[in-house]
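For reference, the structure discussed in these notes is given below.
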Amino acid sequence: MAASSQFPLTNPPSEEDLPIRSASTTPTGGERSSRRSRPKVKTGCSSCKQRRIKCDEKRPACSQCIKSRRECTGYPPPPRHALPLEGVRIAPKPVAIAAEPDAVAPAPKTGPIQKYVILPPRRVARRNQARSTPEHYGAVEPSPTLYRPASGLPTNGSEPYYFEMFRVTAVSSFCGYFDSVFWNRVLQECHTEPAVCHASVALGALSKTLEQTFNNAILSRQKDPSQSEAVLQHWQMAVQQYSKACNALMFPASPVHNRVRLMATVLLASFDAFIGDHKQSIVQIQNGLGLLKKMQGGVEQKEAKDFIEPELVVMLMRQAIQAKTYDMAYHFPEPYVLRLVPEACEAYSASFFKMFPQPAANSQPLKSFTTLVEAQLAHDRILMRGMQFIESLQQAKSGPLEFFPKEWMAQGVGIQIELQNWTTAFQPLFETRDLPETSGSERSALAVLKMAQLNSEIVFRALFCSSEIEYDAVVPLFKTIIKLGREIILEEDARAAAAELAADSEHLQQSNIDPQLGRPTSPSHCHLKPSFSVDHGIVPPLFVVATKCRDQAIRRQAIQLLRASARREGMWDSELSARIGLWIMELEEYQDPATYQGGSFIPEERRVTLHGIDLDLRSRVADLKIGSRGMIAASQQFDPRRKSTRITW
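If you read the sequence shown in the numbering used here, its first letter stands for residue 1277, the second for the next number, and so on.
Below, the structure is given as structure tokens:
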């Protein structure tokens, strides 16, 4: 990667960086009673940091600011450098496997793991040591009044343990900021369909791999071989179950309905995205679209066994939209370009769109949305229509231009009207986020949906822009995205801190928790853990801000928010997005330090755009190509701004 040490993203100086006056003597030199020593902290609101006083970090305002009648300016997102690098990677392959590629075959044929390992319990499970072992989940106490469907799962050995991990922990993370009925359907199908069950167990084992790796890197002070071995076995279980799910689809013991194949395809595409294999994930999604076309247009549609639940169609559509936006940003080569029109989309688009009204067909505005689900589904429909429109323009375009002629913009008036109507209908619901009865998770979901709408508006405008300087007209939209992104991360940090405090309430004396303040005092503590979600979130809008906004402060805030927590949303990786934005920022701002002054206007001849990327998230390496807007990487025409680099992390 290009050198980034010249202008690193820095945080305000913490309390440890400031000079501290001795507490053992008074200003007059007299002796003074000593007080209990406590570790220094780097957290707290900005106001207390400036005043150099202890902050109890209460929300929405700390006690010190309330007592002094000051405005509590809030809490900055946790710094990325507070975590060691190995503790923030998403679903890393264990080192032992990376060093020995033959240790686990791509499609292992071995049976379930026979050697059980007693995993170290998490803090929340310390009161019940037995629940930390996989064997515990193999035996369920009978109850005459409680229905326990898990006892009928087609699993054996240690598989029930990982299924429980999937059901309790992974599903809530995969949903992201929105509730989804799809995952309830998945849990139901696990009782009767081996392919769905194995895919779910594989996702549960992968989630356990990520959690255990993070705990080993952050919470463990000493290297423990047994913990590394446990991580290795979690990864092996994930790969084995993925292979079993594929075999259950290709060589089923009994006929498999197409709707089951479609559900398993969605799960396998999620697994591929989780481990960073975006190419295989795109292939899975394309196969799912082809299967859906067959189900909608063929004889199978008349059979009740192949009835397609709306939530299954919606989930596949969201994965297709995500893959398409990923390709639009990174410009993947064939055959890893998702096709929505004409063949793959004609059959299922009518079935998908008839669930919603057609706002472009009449001049009547949409009624105000009353629920998040209603607003999200309507936005999904607009995005799908927009992606189909863009793909149609790309097929009609001739020549090497990266953008579309402005006279073609009239063809997209209907999409613009739909976006405007959606924004108007969503505004009353969005304003409810300031109400006291609105929960923190609801506020975050509303903010994520608003960020997605702003990002869609920016991207659609850019399709017909012939120069990068036209992005300066949407700087207010960039500012709004940054504001909402910061609120989401702070809300997540507050929820994570509250959950940890509740889990550790009985272990304050043994841990690094201050019993008086009730907050962690370890300088390296961070509440936000690496996460993966299937649904969209904050990474795509922040990536657009980091690469297209030339305001120095706004761009740096976007990169800082991307690095505030390691997250992967579908195929979008926060760390990769931050590093791409950082490299482009350095090229545009610091390529010629003798002539450029910080904060000054960046002329068009210095602005670049991403032409292509060849990446491997599993190996954490990416080859980038950038150049002038209006030129493409394959063009033979000379481009003075054309450059390439390799970044690793």
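Ideal Cβ placement from N, Cα and C applies to all residues, glycine included. Values in this document were obtained by computation on a predicted structure and should not be read as measured data.
Whose CA, out of the options, lies closest to the CA of residue i?
i: Val1820; options: Glu1435, Leu1863, Ile1758, Asp1769; result: Ile1758
i: Arg1661; options: Ala1524, Glu1767, Thr1601; result: Thr1601
i: Ser1876; options: Thr1885, Val1542, Arg1883, Glu1865; result: Glu1865
i: Thr1468; options: Gln1517, Tyr1453, Val1536; result: Val1536
i: Gly1552; options: Ala1775, Ala1898, Arg1894; result: Arg1894
i: Met1591; options: Gly1350, Asp1748, Thr1924, Val1462; result: Val1462
i: Asp1656; options: Gln1595, Met1539, Ala1774, Leu1886; result: Gln1595
i: Trp1859; options: Thr1924, Arg1327, Asp1892; result: Thr1924
i: Gln1703; options: Thr1647, Asn1731, Glu1667, Ala1738; result: Thr1647
i: Asp1890; options: Thr1921, Ile1878, Leu1669; result: Thr1921
i: Ile1478; options: Thr1349, Leu1543, Glu1650, Arg1844; result: As written in the sequence, residue 1478 is Ala, which differs from the Ile given in the question. Considering only alpha carbons, the answer is Leu1543.
i: Cys1473; options: Glu1435, Phe1665, Met1663; result: Glu1435
Just the C-alpha distance for residue i and residue j, rounded to the nearest angstrom, thanks.
i: Lys1391; j: Ser1449; result: Confidence in Lys1391 is poor, its pLDDT being 43 and thus under 50, which makes the residue's placement unreliable; the coordinate value appears in the next sentence. Answer to the nearest angstrom: the Cα atoms are 29 Å apart.
i: Ser1644; j: Ala1701; result: 4 Å
i: Lys1919; j: Glu1440; result: 48 Å
i: Phe1740; j: Pro1817; result: 19 Å
i: Ser1546; j: Ile1558; result: 10 Å
i: Val1884; j: Phe1527; result: 50 Å
i: Ala1842; j: Ser1323; result: 27 Å
i: Cys1466; j: Ser1530; result: 15 Å
i: Ile1902; j: Lys1824; result: 13 Å
i: Asp1827; j: Glu1767; result: 26 Å
i: Ala1834; j: Leu1525; result: 42 Å
i: Glu1763; j: Val1532; result: 45 Å
i: Ile1394; j: Ala1514; result: Unreliable placement is indicated for Ile1394, whose pLDDT of 48 sits below 50; the coordinate value is still reported in the next sentence. Distance between the alpha carbons of Ile1394 and Ala1514 is about 18 Å.
i: Tyr1423; j: Pro1806; result: Note that Tyr1423 scores a pLDDT of 43, beneath 50, so its modelled location is shaky and nothing firm can be said.
i: Phe1608; j: His1554; result: 10 Å
i: Pro1916; j: Pro1752; result: 31 Å
i: Leu1482; j: Trp1511; result: 6 Å
i: Ser1298; j: Pro1336; result: Any reading at Ser1298 must be qualified, since the residue scores a pLDDT of 41, below 50, and its modelled position is unreliable; the value itself is stated next. Near 32 Å, if we compare the C-alpha coordinates of Pro1336 and Ser1298.
i: Arg1328; j: Lys1334; result: 17 Å
i: Asp1748; j: Leu1837; result: 21 Å
i: Gln1464; j: Leu1568; result: 21 Å
Just verifying my parser: in three-state terms, what is the DSSP assignment at residue i?
i: Lys1805; result: coil
i: Leu1361; result: Low confidence applies here, because Leu1361 scores a pLDDT of 43, under 50, leaving its location unreliable; read the following figure in that light. The answer is helix: DSSP assigns Leu1361 an H, G or I state.
i: Ala1636; result: Model confidence at Ala1636 stands at a pLDDT of 44, short of 50, so the residue's coordinates are unreliable; what they give is reported in the following sentence. In the structure shown, Ala1636 sits in a helix (DSSP, three-state: H, G or I).
i: His1812; result: coil
i: Phe1628; result: Legend: pLDDT at Phe1628 = 41, less than 50; position of this residue unreliable, no value from coordinates given.
i: Arg1594; result: helix
i: His1474; result: helix
i: Gly1888; result: strand
i: Thr1756; result: helix
i: Ser1920; result: strand
i: Asn1432; result: coil
i: Tyr1453; result: coil
i: Val1515; result: helix
i: His1533; result: coil
i: Arg1832; result: helix
i: Phe1819; result: helix
i: Val1447; result: helix
i: Glu1746; result: helix
i: Gln1786; result: With a pLDDT of only 43 at Gln1786, under 50, the local geometry of the prediction cannot be trusted, and the value read off the model is given with reservation. Coil at Gln1786, not helix or strand.
i: Phe1914; result: coil
i: Thr1541; result: helix
Taking 7 Å as the cut-off, decide whether the C-beta atoms of residue i and residue j are in contact.
i: Gln1488; j: Ala1506; result: yes
i: Gly1857; j: Val1724; result: no
i: Phe1442; j: Glu1587; result: no
i: Phe1754; j: Ile1830; result: yes
i: Arg1839; j: Ala1822; result: no
i: Leu1705; j: Met1727; result: no
i: Ala1521; j: Ala1475; result: yes
i: Tyr1453; j: Gly1480; result: no
i: Ile1658; j: Ala1599; result: no
i: Asn1534; j: Met1593; result: no
i: Asn1492; j: Gln1509; result: no
i: Leu1616; j: Gln1664; result: yes
At what residues does the beta strand (DSSP E) containing residue i begin and finish?
i: Leu1647; result: With the sequence shown as reference, residue 1647 is identified as Thr, and Leu is not the correct amino acid for it. Looking at the DSSP string, Thr1647 is not in any beta strand (DSSP E), and its letter there is neither H nor E.
i: Glu1333; result: Where Glu1333 is concerned, there is no enclosing beta strand (DSSP E), given that its DSSP letter is neither H nor E.
i: Arg1844; result: 1843-1845
Could you tell me the boundaries of the alpha helix (DSSP H) in which residue i lies?
i: Ala1854; result: 1850-1866
i: Ala1898; result: Ala1898 -> not in any alpha helix (DSSP H); beta strand (DSSP E) instead, spanning 1897-1903.
i: Glu1718; result: 1716-1738
i: Glu1707; result: 1689-1707
i: Trp1459; result: 1458-1465
i: Ile1342; result: 1339-1343
Is the closest heavy atom of the ligand FMN to the C-beta of residue i under 6 Å?
i: Pro1336; result: The ligand FMN is not part of this structure, which contains no ligands at all.
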